[in-house]
Amino acid sequence: MVLVLLAGCRTVAPVPVGLPKQHALENEHLLVRSDLKLPKDHPVLRDLDSLRDQIADELNLPLQKQPVTVYLFSDEVRYAQYLQARYPLLPPRRAYFVGTSKELAVYTFWGERIQEDLRHEYTHGVLHASLTDVPLWLDEGLAEYFEVTSQPTGMNRDYAMRLASNLSQGWKPDLDRLESLETVDDMQKADYQEAWAWVHFMLHHSEESRGVLISYLHDLRTNAKPGSLATRLRTAIPSANSRFIAHAASLTSGIQQASSFSN
Ligand SMILES: [Zn+2]
């Protein structure tokens, strides 16, 4: 989940629940302020370092020095109380990224899905450190893609299965509609799923589709409003919609094959 705010644009009321500050860890790219003590080489933190390289490689992004600060609460109750007090209008979610001109911050708690949640939010941080802005749907689609820890890269099996089922029931993709979504409240679960699928399609379908995404991200380095990605995609690949459908429908055969090999 992502929220980009401009620092200093409003007065912030005092918050009864404080930020985690008992323990601190830092390296060049990451600051962790946490309620609980973590070893510096904890696998979850090491994973974020390699994720940073993976994002830069796959998206052809220059790595930026600006670190991401992770505020890691010990439990969900404390986290939720803090978020509710500090950002009362946000819908409840397990984790948030808040980018301001002063800080790229991730707020979350130590729970069962901590690795996936941190990967998701940290991806937002890396993107916002490198780009002038990121359209909401693309920000979420990339974060959903890079949060996946299993192989093959970026394959969210639940999404793939649901997409196949939705397609068989007549669902139609609509990248123009996704591009029109502007706030966190607008993004529903199905929108995250579709955003993930468009990112997966562009990165895996063909050199052309990948090229459209990479060049769009390249433009976002210097231009916060580079226009519609859907339009660029249709220009490069006129049959993009039907190819997307074929790509999305083909993902489940890969999953079934992979699971029959692993049994
Ligand atoms: Zn997100």
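No gaps in the numbering here: position 148 of the sequence shown is 151 in this note's numbering, and each next residue is one more.
Backbone N, C-alpha and C fix where the C-beta goes; we use that ideal spot for every residue, glycine too.
Everything numeric in this text was worked out from a predicted model, so none of it was measured.
So does residue i have its beta carbon nearer than 7 Å to some heavy atom of ligand 1?
i, result
"His-123", "yes"
"Cys-100", "The sequence shown places Phe at residue 100, rather than the Cys named in the question. Yes, ligand 1 has a heavy atom inside 7 Å of this Cβ."
"Glu-119", "no"
"His-131", "no"
"Glu-197", "no"
"Ala-193", "no"
"His-203", "no"
"Glu-31", "no"
"His-127", "yes"
"Glu-143", "yes"
For residue i, name the three-state secondary structure that DSSP assigns.
i, result
"Ala-227", "coil"
"Val-3", "Because the chain here runs from 4 to 266, residue 3 falls outside it and cannot be looked at."
"Arg-235", "helix"
"Thr-26", "At residue 26 the sequence reads His, which differs from the Thr that was named. The answer is strand: DSSP assigns His-26 an E or B state."
"Tyr-90", "coil"
"Leu-107", "strand"
"Leu-178", "helix"
"Arg-55", "helix"
"Thr-255", "helix"
"Gly-128", "helix"
"Arg-36", "strand"
"Val-20", "coil"
"Gly-214", "helix"
"Leu-64", "coil"
"Leu-48", "helix"
"Leu-220", "helix"
"Leu-121", "helix"
Label residue i either buried or exposed according to how many other C-beta atoms from any shown protein chain fall within 10 Å of its C-beta, with 16 as the threshold for buried.
i, result
"Leu-86", "buried"
"Val-80", "exposed"
"His-123", "buried"
"Leu-51", "buried"
"Arg-49", "exposed"
"Arg-161", "Note on identity: in this sequence residue 161 is Asp, with Arg being the wrong assignment. Classification of Asp-161: exposed, given that the 10 Å Cβ count is below 16."
"Asn-226", "exposed"
"Glu-2", "Here the chain covers residues 4 to 266 and nothing more, so residue 2 does not appear."
"Gly-157", "buried"
"Ser-133", "buried"
"Asp-38", "buried"
"Gly-102", "buried"
"Pro-46", "exposed"
"Asn-159", "buried"
"Ala-243", "buried"
"Thr-111", "buried"
"Pro-155", "exposed"
"Thr-234", "exposed"
To which residues of the same chain is residue i closer than 7 Å at the C-beta, ignoring the five residues directly before and after it?
i, result
"Glu-143", "Val-5, Met-190, Tyr-195 and Ala-198"
"Pro-94", "Val-187 and Asp-188"
"Val-202", "Gly-144, Leu-145 and Tyr-148"
"Arg-213", "Met-205 and Leu-206"
Once the 5 residues before and after residue i are set aside, which same chain residues still bring their CB inside 6 Å of it?
i, result
"Thr-14", "In this prediction, Thr-14 scores a pLDDT of 45, lower than 50, which makes its location untrustworthy; no coordinate-derived value is stated."
"Val-129", "Arg-55 and Ile-58"
"Arg-97", "Asp-120"
"Asn-63", "Ile-217"
"Lys-40", "His-26"
"Phe-204", "Phe-247 and His-250"
"Tyr-74", "Leu-22, Pro-23, Arg-36 and Tyr-110"
Between residue i and chain D, is the shortest Cβ-Cβ distance under 8 Å, so that the two count as touching?
i, result
"Ala-98", "Of the chains in the structure shown, none is chain D; there is only one protein chain."
What does a CB cutoff of less than 8 Å around residue i pick up in its chain, not counting 5 residues either side in sequence?
i, result
"Leu-139", "Val-5, Leu-184, Glu-185, Thr-186, Val-187, Asp-189 and Met-190"
"Leu-232", "Pro-138, Leu-141, Leu-178, Glu-182, Val-215, Leu-216 and Tyr-219"
"Leu-28", "Leu-34, Val-35, Ser-37, Leu-41, Lys-43 and Leu-48"
"Leu-223", "Leu-134, Thr-135, Asp-136, Val-137 and Pro-229"
"Gln-84", "Pro-19 and Val-20"
Compute the minimum distance between the beta carbon of residue i and the heavy atoms of ligand 3, and state whether it is under 7 Å.
i, result
"Ala-146", "Among the ligands present in this structure, namely ligand 1, ligand 3 is not found."
Counting only runs of 3+ residues fully inside the stretch 135-199, write out the beta strand (DSSP E) ranges in chain order. none
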